[in-house]
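Colleague: Dropping the structure in here first, questions after.
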Amino acid sequence: MDILYDCDPGQDDAMALLTALGNPNKVKVLCVSTVGGNQNINLVTQNAGYLLAFCKQHIPLVQGQAGPLLNQLHVQAKAHGSTGMDGSDSLNKYAYPVEDDNAICFMANILKKQSQKVTIVATGPLTNIALLIKTFPEIIPKIAKIVIMGGGIDHGNVTDLAEFNIWTDPEAAQIVFSSPLEVIMAGLDVTEKTTITKKEIASLQFGGPASKMAGNLLHFYQKSGEQFGFTAAPVHDLVAMEYAIWPEFFEAVPANIKVNTNHGDAYGQTYIAKGKDENKAAHNVLIKKMTKKLFFALLQKSLQFLDQKLVN
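The sequence shown maps to residues 5 to 316 in my numbering.
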């Protein structure tokens, strides 16, 4: 499976990217694009570069939109730290080249060249993806599906109703959900229940360089999560990537997912349309749960592959 990975690397995006890189027999990452979200665009691009350099990759990295289509960006230093990906001091010694091209044009050119359809995995605000769809509608047939982390049907985490990625750019999210593409949503309803324990995180210190680095990032993330009431770490973005690679391990249902773009208490809320509109968009899919207890095991196996690669 070929993927484009669009992200705003904090710790949970890092686990998603490491999982993709750790399964080259299943996944080919065509490029990594960044978007302003967890932190400002320069920091999240730097974080993505650190990870790619650490893992000795040669995947194109391209910097995308600095902020939402209409609103001001509000970063999440409280959750992810001042760098957007605190927890592993050794990463900042790495450097990685960033493409000069505009990210939207760069992704479109990649898609145009592909003979097979490509999956987009997006784990930050959907600004880049919305612009890609609107600017280059001719590439829509080249996209197999879009798997996102964002939203929540039962609740939010920035407001009572809205999750951060969608709340940051609701207008972009609505463009993506209302497109003719299959859009699969890993929202808070599943990601907050799909967690990694402190014991599992500690076990990574017995592995190789990738495992230890991931363990350090997750240790910070788990401790940070305690301020929000979590004991185990809900590694949100990893759910989307694992679904993209192993959908057979999840339960998901068709749903007509909408985004509230009316300013007010419900701004940025994702909800399932009811009544006459309920079944109009069966191409949208809501991930309900992971049906097998493999969340950490799949990450651990991916890291072990990278460990072997890095020490050889």
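A virtual CB, placed ideally from N, CA and C, is assigned to each residue, including glycine.
CA-CA distance, TRP250 and THR295?
Modeller: Taking the straight line joining both Cα atoms gives about 11 Å.
Colleague: Does the separation of the CB atoms of VAL122 and LEU8 fall below 8 Å?
Modeller: In contact: VAL122 and LEU8 (Cβ atoms closer than 8 Å).
Colleague: Which runs of the alpha helix (DSSP H) fall wholly inside the segment 53-131 and span at least 4 residues, in chain order?
Modeller: If we require 4 residues or more, the alpha helix (DSSP H) runs fully inside the segment 53-131 come out as 81-84, 107-117.
Colleague: Sort ASN46, GLN61, ASP16 by Cα distance to LYS32 and report the nearest one.
Modeller: LYS32 has its Cα closest to that of GLN61, out of ASN46, GLN61, ASP16.
Colleague: Going by DSSP in three states, SER37 sits in which element: helix, strand or coil?
Modeller: The answer is strand: DSSP assigns SER37 an E or B state.
Colleague: Between which two residues does the alpha helix (DSSP H) containing ALA190 stretch?
Modeller: No alpha helix (DSSP H) contains ALA190, which is instead part of the beta strand (DSSP E) from 187-190.
Colleague: Identify whether ALA24 lies in helix, strand or coil by the three-state DSSP scheme.
Modeller: In this structure, ALA24 counts as helix in the three-state DSSP scheme.
Colleague: Relative to the alpha-carbon of SER215, which residue among SER92, ALA107, ILE147, ILE291 has its alpha-carbon at the smallest distance?
Modeller: Nearest of SER92, ALA107, ILE147, ILE291 to SER215, Cα basis: SER92.
Colleague: Which one of GLN120, ILE133, LEU55 has the shortest CA to CA distance from GLY68?
Modeller: When only C-alpha atoms are compared, the closest one is ILE133.
Colleague: Of the choices ASN113, ILE144, ASP6, whose alpha-carbon is the least far from that of ASN29?
Modeller: Measuring from the Cα of ASN29, the nearest candidate turns out to be ASP6.
Colleague: Buried or exposed for SER306, please, with buried defined as at least 16 other CB atoms from any protein chain shown within 10 angstroms of its CB.
Modeller: Buried.
Colleague: Can you give me the Cβ contacts of ASN27 inside the same chain, cut-off strictly under 8 Å, excluding the 5 residues immediately before and after it?
Modeller: Hits under 8 Å: ILE249, SER306, PHE309.
Colleague: Do the CB positions of TYR247 and ILE188 come within less than 8 Å of each other?
Modeller: Result yes, Cβ atoms of TYR247 and ILE188 sit closer than 8 Å.
Colleague: Can you tell me where the alpha helix (DSSP H) holding THR172 begins and where it ends?
Modeller: Start and end: 168-172.
Colleague: Give the single residue among ILE276, VAL263, THR265 whose Cα lies nearest to the Cα of VAL257.
Modeller: The shortest C-alpha separation from VAL257 is found at ILE276.
Colleague: Taking Cβ to Cβ, would you say MET111 is nearer than 8 Å to SER37?
Modeller: Yes. Within cutoff.
Colleague: Using CA coordinates, which residue listed in GLU204, PRO213, LEU95, GLY233 is at the minimum distance from HIS223?
Modeller: Of GLU204, PRO213, LEU95, GLY233, the residue nearest in Cα terms is GLU204.
Colleague: Helix, strand or coil for GLU161? Go by DSSP, reduced to three states.
Modeller: According to the sequence shown, residue 161 is Asn rather than Glu. Note: ASN161 maps to coil in three-state DSSP.
Colleague: Give the straight-line distance between the Cα atoms of PRO145 and PHE210, rounded to the nearest whole angstrom.
Modeller: Distance between the alpha carbons of PRO145 and PHE210 is about 45 Å.
Colleague: Is it right to say SER86 is buried, meaning 16 or more other beta carbons lie within 10 angstroms of its own, or is it exposed?
Modeller: When all chains shown are included, SER86 counts as exposed.
Colleague: Please say whether GLY154 and ILE170 have beta carbons closer to each other than 8 Å?
Modeller: Yes, they are a contact pair.
Colleague: For GLN273, which beta-bridge partners are listed by DSSP?
Modeller: Paired residue(s): ALA166.
Colleague: Skipping 5 residues on each side, what residues in its chain have a beta carbon closer than 6 Å to that of GLY318?
Modeller: Outside the displayed span of the chain (5 to 316) sits residue 318, for which this structure offers no information.
Colleague: Since MET245 is in the alpha helix (DSSP H), which residue starts that stretch and which ends it?
Modeller: MET245 -> alpha helix (DSSP H) spans 240-249.
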